[in-house]
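One structure is given here, and the rest of the page talks about it.
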Amino acid sequence: MTVLRPETFKYDQVSRYINELIEKGELKPGDKAPSLRKLSKQLGVSIATITQSYVNLEDQGVLTAKPQSGFYVNTLDNQIHDIAKSATTPRRARRVRFGELFEEVFRNANNPRITPFGTSNPSMDFMPVKSLTRATRSIISRYPQKSMDYLFPPGDRKLREQIAQQYAQTYTRISADDVIITSGATEALSISLRTVARRGDIIAVESPTYFAVLRMIEQMGMLAVEIETDPVTGLSLQALEEAFDTMDIKAVLASPNTSNPLGCQMPEENKRELVNLLAERDIPLIEDDVYGSVYFGEKPPRPAKSYDLNNLVLSCSSFSKTLAPGHRVGWVIAGRYYKKFLQYKQAWSSATSSINQLALAEFLSSGQYDRHLVRLRVAMREQVERGRFMISKNFPEGTRISHPHGGNVLWVEMPSGCDSIDIFNRALEHNIAITPGILFSATRGFRNHMRINCGSPWNQANENALKTLGQIVCNCRNG
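Next comes the structure, spelled out in structure tokens:
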């Protein structure tokens, strides 16, 4: 008999079990789900728990109830088309130019009247705010002077030790002495770029890639070359190798685990091959692993850093997607670039918030962080699946939707003729924010794409907003 683990609510685990049966093909669209009595006996939980799980799955669009017959796998899932592979285009390095669109997207990020489909953060509704507040108060009470003073780089040792312990869970051997605390992952990525490249240098990035990365490259006067990226397996190693043969690429910046916006994840063998490919050419990899802890599979994916035998990987992450975005606490494991990175950090931003470092160290050492991550992964998976279902139901026929391995965003490809800039402007008139696809490309491609954040609870207001957005897309296509 399969017995469920006690870490999360049992009905969440039942939901996950059914989702996995569907993903493996053991339950297909139209199939009848296991009976309440049968699954109760198999999993060792009450019939009431199974019933609640099935109701939740029905709300998410995974199952549908038929009177006096039971629950069935929703056949609408057949209509959810996954994102197609990006077309191969002539590869050349380009200067990045965003203009005012970047600022316009961020201008509405904190407006409480705007439905936040345009950001990439999970809602604070999913975060342990009270527990973290207690940890902060405890630190202020016990260490009032230390919490208000500078904590110079590399940062609080206890926090660095806790981060090293987190990496141990992914078979990545590092020590506290390998970690430098930064003011969020954005600073870690930015300083990493400055550490390994200079103005005019070429940086290889995924296509599509996180627009903040392109913004950094733009501001530093570097060039970006986009490498084809599979929506399931991530960065194309063949395309990357071809780019190496024709260009003087100084660094690769990528997210092997749960990329933004695709949510793809490189297979472990591909990560190893990527690191070896770069080692052969002595080219550094800047790894954006900010979503690495928000995975949907059974086992944590290993960061590319875990395969790094030559210390060429600068692995960057933060607590922004898992705990407290406003704390602005991130880190880098800089390998052979440790000293140079540290010098840049000391020169530009001196120190990262002391009280936030100390509070996070306290929270992690209590064991609460690991328990929170278990709940967060379940919640984000359900949020994303609900988002996929609702988009498939409300957007026009021919819409394609990413099937992410983690995180909380969806990459949506609309039918040809839909312009995400036009949709962005029309949606704002209804107090709805999205992120237009062209922001994720130095070539201003992906014009008929958008990124949608599923990190806010699917309450009635947010569901209505998504229905309105779907109508806007339908109208744009028709007119």
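First residue of the sequence shown? That's 11 in this note's numbering, and the numbers climb one at a time after it. Cβ atoms here follow ideal geometry from the backbone N, Cα and C, with glycine treated the same way.
Note to self: Judging by CA-CA distance, which residue of 450, 65, 183 is the nearest neighbour of residue 317?
What the structure shows: Of the candidates 450, 65, 183, the one whose C-alpha sits nearest the C-alpha of residue 317 is 183.
Notebook entry, point to check: Counting along the chain, where does the alpha helix (DSSP H) carrying residue 194 start and finish?
Noted result: 194-206 is the extent of the alpha helix (DSSP H) around residue 194.
Checklist line | Short Cβ contact (8 Å threshold) for residue 358 with residue 192 | finding: Taking 8 Å as the Cβ cut-off, residue 358 and residue 192 do not qualify as a contacting pair.
Margin query: Ignoring anything shorter than 4 residues, give me the alpha helix (DSSP H) runs that lie fully in the region 270-298, in order along the chain.
Written below: Runs of the alpha helix (DSSP H) inside the region 270-298: 278-291.
Check: What does DSSP give as the partner residues of residue 2 in its beta bridges?
Finding: Past the boundaries of the shown model lies residue 2; the chain is included only from 11 to 489, so the question cannot be answered.
Item checked: Residues bridged to residue 166 [DSSP beta-bridge criterion] -> DSSP, once it has assigned bridges, lists no residue as partnering residue 166.
Margin query: Suppose contacts are defined by Cβ-Cβ distances below 8 Å. Is residue 120 in contact with residue 443 by that definition?
Written below: No, the Cβ-Cβ distance between residue 120 and residue 443 is not below 8 Å.
Check: Apart from the five residues just before and just after residue 196, which ones in its own chain have a Cβ nearer than 7 Å to its Cβ?
Finding: The beta carbon of residue 196 lies closer than 7 Å to those of 222 in the same chain, with the five residues before and after it left out.
Checklist line | Close-in-space but distant-in-sequence residues of the same chain around residue 87 (CB under 7 Å, 5 per side omitted) | finding: For residue 87, the pLDDT reaches just 44, beneath the cut-off of 50, and the residue's location in the model is therefore unreliable, leaving the point undetermined.
Notebook entry, point to check: Tell me, which residues are paired with residue 82 by DSSP?
Noted result: Residue 82 pairs with 42, 74.
Checklist line | Boundaries of the beta strand (DSSP E) in which residue 368 is found, first to last residue | finding: No beta strand (DSSP E) holds residue 368; the alpha helix (DSSP H) holding it covers 364-375.
Notebook entry, point to check: For residue 205, which residues from the same chain have a beta carbon less than 8 Å from its beta carbon, with the 5 sequence-adjacent residues on both sides left out?
Noted result: So the qualifying residues of the chain are 324, 344, 347, 350, 351, 354.
Check: Going by DSSP, what residues sit across from residue 245 in a beta bridge?
Finding: 239.
Checklist line | Between the CA atoms of residue 249 and residue 361 - distance to the nearest angstrom | finding: Between residue 361 and residue 249, the C-alpha separation is close to 39 Å.
Item checked: Bridge partners - residue 326, DSSP secondary structure assignment -> According to DSSP, residue 326 shares a beta bridge with 298, 342.
Margin query: Suppose the cutoff is 8 Å on Cβ atoms and the five residues either side in sequence are ignored; what does the same chain contact list for residue 278 look like?
Written below: Once the five neighbours on either side are set aside, the close Cβ partners of residue 278 are 311, 312.
Next item on the list: Could you check how far apart the C-beta atoms of residue 46 and residue 60 are, in whole angstroms? I think they sit under 8 Å.
Entry: Confirmed, about 5 Å.
Next item on the list: Give me whichever residues DSSP pairs with residue 189 in a beta bridge.
Entry: Partner(s): 343.
Checklist line | Proximal residues to residue 74 (C-beta, below 6 Å), its chain only, five neighbours per side dropped | finding: So the list reads 82, 84, once near-sequence residues are dropped.
Item checked: Coarse secondary structure for residue 133, derived from DSSP in three states -> Residue 133 falls in the coil class under three-state DSSP.
Check: Going by DSSP, what residues sit across from residue 233 in a beta bridge?
Finding: Paired residue(s): 212.
Notebook entry, point to check: Is there contact here, the region 397-406 with the region 462-482, by at least three beta-carbon pairs under 8 Å?
Noted result: Flag = yes, the region 397-406 and the region 462-482 touch.
Margin query: Within a Cβ cutoff of 7 Å, which residues of the same chain sit near residue 434, ignoring the five residues on either side of it in sequence?
Written below: Correct list, in chain order: 444, 446.
Notebook entry, point to check: Does any C-beta atom of chain D lie closer than 8 Å to the C-beta of residue 291?
Noted result: Looking at the structure shown, chain D is missing, and only one protein chain is on hand.
Check: For residue 98, which three-state DSSP category applies?
Finding: Unreliable positioning characterises residue 98 in this predicted model, as indicated by a pLDDT of 49, which lies under 50. The coordinate reading is nonetheless provided below. Reduced to three states, the DSSP call for residue 98 is coil.
Notebook entry, point to check: Closest by CA to residue 494, which one among 198, 285, 228, 392?
Noted result: The structure shown does not extend to residue 494, since the chain spans only 11 to 489, so no value can be given for it.
Item checked: Contact between the region 293-301 and the region 231-247 (3+ Cβ pairs under 8 Å) -> Verdict: no, contact absent.
Check: Once you ignore the five residues that flank residue 186 on each side, which residues in its own chain have a CB closer than 8 Å to its CB?
Finding: Contacts found: 167, 170, 171, 173, 174.
Notebook entry, point to check: For residue 28, which three-state DSSP category applies?
Noted result: Residue 28 falls in the helix class under three-state DSSP.
Margin query: Please identify the residue among 388, 261, 220, 292 whose C-alpha is closest to the C-alpha of residue 450.
Written below: When only C-alpha atoms are compared, the closest one is 220.
Check: Between residue 418 and residue 366, is the Cβ-Cβ spacing less than 8 Å?
Finding: Contact annotation: residue 418 and residue 366 have beta-carbon atoms that are not nearer than 8 Å.
Checklist line | CB contact flag (residue 381, residue 305, <8 Å) | finding: In this structure, residue 381 sits away from residue 305, with a CB-CB distance that is not shorter than 8 Å.
Check: Taking the Cβ atom as the reference point for each residue, do residue 268 and residue 302 lie within a distance shorter than 8 Å?
Finding: Going by C-beta atoms, residue 268 is nearer than 8 Å to residue 302.
Notebook entry, point to check: Under 8 Å between the Cβ atoms of residue 28 and residue 53?
Noted result: Residue 28 is not a Cβ neighbour of residue 53, given a cutoff of 8 Å.
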